[in-house]
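If you read the sequence shown in this note's numbering, its first letter stands for residue 656, the second for the next number, and so on. From the three backbone atoms N, C-alpha and C, an ideal C-beta is built for every residue, glycine too. Structure, as C-alpha cells:
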Amino acid sequence: MEKFIIKGKTALQGSVRISGSKNSAVALLPASVLTDSTVHIENLPDITDVRTMISILEDLGVKIRRRGRNAVELTPGSLSKIAPSYDLVKKMRASYYFMGSLLARFGKAEVPIPGGCDLGPRPIDQHLKGFAALGAKSSIEHGMIKLISEKLVGARIYFDVVSIGATVNLMLAAAAAEGRTVLENVAKEPEIVDLANFLNAMGASIRGAGTDVIRIDGTNKFSGARHTVIPDRIEAGTFMLAAAATRGSVVVDDVIPKHLEAITAKLREVGAIVEVEPETIKVTGVANLKPSDLKTFPYPGFPTDLQPPGMVLLTAAKGLSVVTENVFDGRYNHVDDLKRMGAHIKVEGRTALIEGGNSLSGAPVSAPDLRSGAALIIAAIMAEGVSEICAIEHVDRGYDRFEEKLIKLGASIKRAKVTELDCSTGNTE
Ligand code: EPZ
656 MEKFIIKGKT
666 ALQGSVRISG
676 SKNSAVALLP
686 ASVLTDSTVH
696 IENLPDITDV
706 RTMISILEDL
716 GVKIRRRGRN
726 AVELTPGSLS
736 KIAPSYDLVK
746 KMRASYYFMG
756 SLLARFGKAE
766 VPIPGGCDLG
776 PRPIDQHLKG
786 FAALGAKSSI
796 EHGMIKLISE
806 KLVGARIYFD
816 VVSIGATVNL
826 MLAAAAAEGR
836 TVLENVAKEP
846 EIVDLANFLN
856 AMGASIRGAG
866 TDVIRIDGTN
876 KFSGARHTVI
886 PDRIEAGTFM
896 LAAAATRGSV
906 VVDDVIPKHL
916 EAITAKLREV
926 GAIVEVEPET
936 IKVTGVANLK
946 PSDLKTFPYP
956 GFPTDLQPPG
966 MVLLTAAKGL
976 SVVTENVFDG
986 RYNHVDDLKR
996 MGAHIKVEGR
1006 TALIEGGNSL
1016 SGAPVSAPDL
1026 RSGAALIIAA
1036 IMAEGVSEIC
1046 AIEHVDRGYD
1056 RFEEKLIKLG
1066 ASIKRAKVTE
1076 LDCSTGNTE
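In C-alpha cells form, the structure reads like this:
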C-alpha cells in the first residue's frame, strides 16, 4: 500500500492540463469489441482503471498496441473469449460494460457480478431489465452474470432510474440489435454523448445522446474508428474546488466549460471568482467564502462525484452549509476523517450539515474510495501541519499523475510505502 504525506497550509497557484475522462474511457474501451477492425483511442488518462480495462481486453484476445501514455490501438479481430478474467474484472465496477459489448458481439457474455466503490447499494436491475427487453436471458451462477440471446431485437425501454451504467450497457447491446431501440429516461452525461459519437464513428446509428431519449437503429456492420476522449469534467471540477478551498488561483486547461456549468455556478455562489474562456477556466478563492446548499443530481445537476470535494470547500465557508446526496445512499465515507481534521459535520441520512469556518489541522487518515480520497487530499493541503493519507491506490484509479499536478500548483506532497497494518490503525512513523 502507499500513502501521501502532505504538509499544509498551501494556496494552490498556477495552471493544470486536464486529462481525458475516466468515465468516458472505461466505456469506450469495451465498446471497441463490437468491431473486428482497428480502432485508435487518444487522450486516454493514464490511470489504474484504464490499465485494468486494457488488460481485460488483452485477456479476451484483443491485439493492443500502446501509443505512448495516452493512446492505444485495438484490433479485436482475434477476440475469442466471452468471459473476461475474474481477477481483472473484480478490480473495477465498469468492467460490467463487457455485458453489453460481448452480448452485442457474440450473443452471450459471462461477467462476474461487479464490485466497485463502497457508495451504498449499487444494483444492476435496470441493466438486466434492458437486456431482457432486447431478448437476452440472464442468470446468476457462482457469482457470474450469464447472458445469452439467440438474437437481440430492438425494443422500447423506459429506465425506472437514471443510470449512467445502464444507459451505456444498453447503447452497446442495442447498437447490434435487429431494428430500432428507443431508450427513455436515460443518463445525459457528456460521457454518454462521447460514447455515442465513438459508436457512430464505428458505423452505429445512434441519435439523441445527451437528451432524455436515445434512438438506436441496430447494425451488424462495424468499422474501425479514431476517437479522442473528452476532457475529464470531474478531474477539472476537483481542481476548481481545490483552488477555491485553498484560497489559491488555478487555471484548468483543455476543458469544455459547458460540462462544468454546475460547478462554476456553485463556486460563484460561495463567492469564488470564476473566469471562463473557450477552453480554460480560472478559479480564484477569496478569504470570506459564503456557506451554501449543495445538492447532487444527474447531469446537468451538480455531480455526485464532486460532492466530497464540494463538502471540503464548504468546511472553509463560515456558517451553516447543507449537502444533500441525491444519487447514492452512502456517499459520506469522507466525513469521519474530515472530522478528525477538525471539520464540524453532522450526517443525517442523505443530508450532511457543515458548520464551516474552523481551520483544519493535519491528521493521519485513509482514502475510503476514489472521490473521498481526492477530498481528503484537498483538506490536507488546506490544513495546518502534516497529514498522512493512506490507501492512495483508490485515488490512482481515477486521477492521472495527481500528485505531480498538485506539486506543480505548489502543494507539498510526498508518496511513500505504508503497511496494511499502519493504514488500518492509523499508526504513522
Ligand atoms: C457512474 O456509476 C460513474 N461511474 C460513477 O463515478 C458516478 O458516481 C455515477 O455514475 C453517478 O454519476 C462510471 O461512469 C464508471 P449509476 P454507475 O448507474 O453507472 C442506481 C467515480 O467516482 N441504480 O448512474 O454505477 C444506483 O444505485 C464513479 O468516477 C439502480 O438502482 O452509477 C445509484 O443510486 C463513482 N439500478 C443511481 O442509480 C441500476 O440498475 C445512479 O447510478 C443501476 C443504477
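Nearest-angstrom Cβ-Cβ length linking residue i and residue j, presumed shorter than 8 Å
i, j, result
"G820", "Y751", "7 Å"
"L699", "V717", "The Cβ separation is near 15 Å, so there is no contact."
"Q668", "G903", "5 Å"
"G755", "L825", "7 Å"
"L949", "D992", "Not confirmed; about 19 Å, so no contact."
Residue i Cβ short of 7 Å to the ligand EPZ heavy atom set
i, result
"V1093", "As shown, the chain starts at 656 and ends at 1084. That puts residue 1093 outside it, with no answer to give."
"F983", "yes"
"S818", "yes"
"R923", "no"
"K634", "Lying before the first or after the last residue shown, residue 634 is absent from the chain, which here runs from 656 to 1084."
"T959", "yes"
"H1049", "no"
"K746", "no"
"G1017", "no"
"N678", "yes"
"V967", "no"
"P776", "yes"
"D1141", "The shown model of the chain, from 656 to 1084, leaves out residue 1141, and the question about it has no answer."
"G1053", "yes"
"A749", "yes"
"A829", "no"
"A842", "yes"
"L683", "no"
First through last residue of the beta strand (DSSP E) which encompasses residue i
i, result
"D984", "No beta strand (DSSP E) holds D984; DSSP gives it neither H nor E."
"S674", "Unbroken run through S674: none, as it is neither H nor E."
"Y813", "811-813"
"S793", "792-796"
"I661", "657-663"
"I709", "Counting along the chain, I709 falls outside any beta strand (DSSP E), though it belongs to the alpha helix (DSSP H) covering 703-715."
"E1003", "999-1003"
Burial state of residue i, where buried means 16 or more other Cβ atoms lie within 10 Å
i, result
"S890", "Inspection of the sequence shows that residue 890 is occupied by Glu rather than by Ser. Classification of E890: buried, given that the 10 Å Cβ count is 16 or more."
"E1051", "The sequence given here has Asp at residue 1051, not Glu. Buried: at least 16 other Cβ atoms inside 10 Å."
"I673", "buried"
"P964", "buried"
"N875", "exposed"
"P1023", "buried"
"V816", "exposed"
"E1084", "In this predicted model, E1084 has a pLDDT of only 41, less than 50, meaning its place in the structure is not dependable; the value taken from the coordinates is given anyway. Classification for E1084: exposed."
"Y1054", "buried"
"R760", "buried"
"I660", "buried"
"P933", "exposed"
"R1070", "exposed"
Residue range of the alpha helix (DSSP H) that includes residue i
i, result
"M634", "Past the boundaries of the shown model lies residue 634; the chain is included only from 656 to 1084, so the question cannot be answered."
"H914", "Segment: none, H914 is in no alpha helix (DSSP H) and carries neither H nor E."
"F853", "845-856"
"M799", "First-last for M799: 799-803, but that is the beta strand (DSSP E), not the alpha helix (DSSP H)."
"P963", "962-970"
"K994", "990-995"
"R760", "752-761"
"I889", "888-900"
Straight-line Cα distance separating residue j from residue i
i, j, result
"E713", "E697", "18 Å"
"V990", "L922", "21 Å"
"N943", "V931", "22 Å"
"I1062", "A666", "11 Å"
"R835", "L757", "19 Å"
"A810", "M966", "41 Å"
"A1035", "L968", "12 Å"
"A828", "F786", "8 Å"
"L789", "V841", "16 Å"
"L961", "G892", "7 Å"
"A880", "I1047", "35 Å"
"K945", "E924", "8 Å"
"L683", "N1013", "43 Å"
"V1020", "I869", "43 Å"
"A1038", "T693", "49 Å"
"N1082", "I1068", "Its pLDDT being 49, under 50, N1082 is placed unreliably by the model, and nothing is read from it."
"F877", "G940", "48 Å"
"E765", "I711", "13 Å"
"L1076", "E1043", "14 Å"
"P739", "P776", "24 Å"
"T935", "R888", "12 Å"
"S735", "A832", "20 Å"
"V906", "T690", "39 Å"
"N981", "S733", "43 Å"
"K913", "T919", "10 Å"
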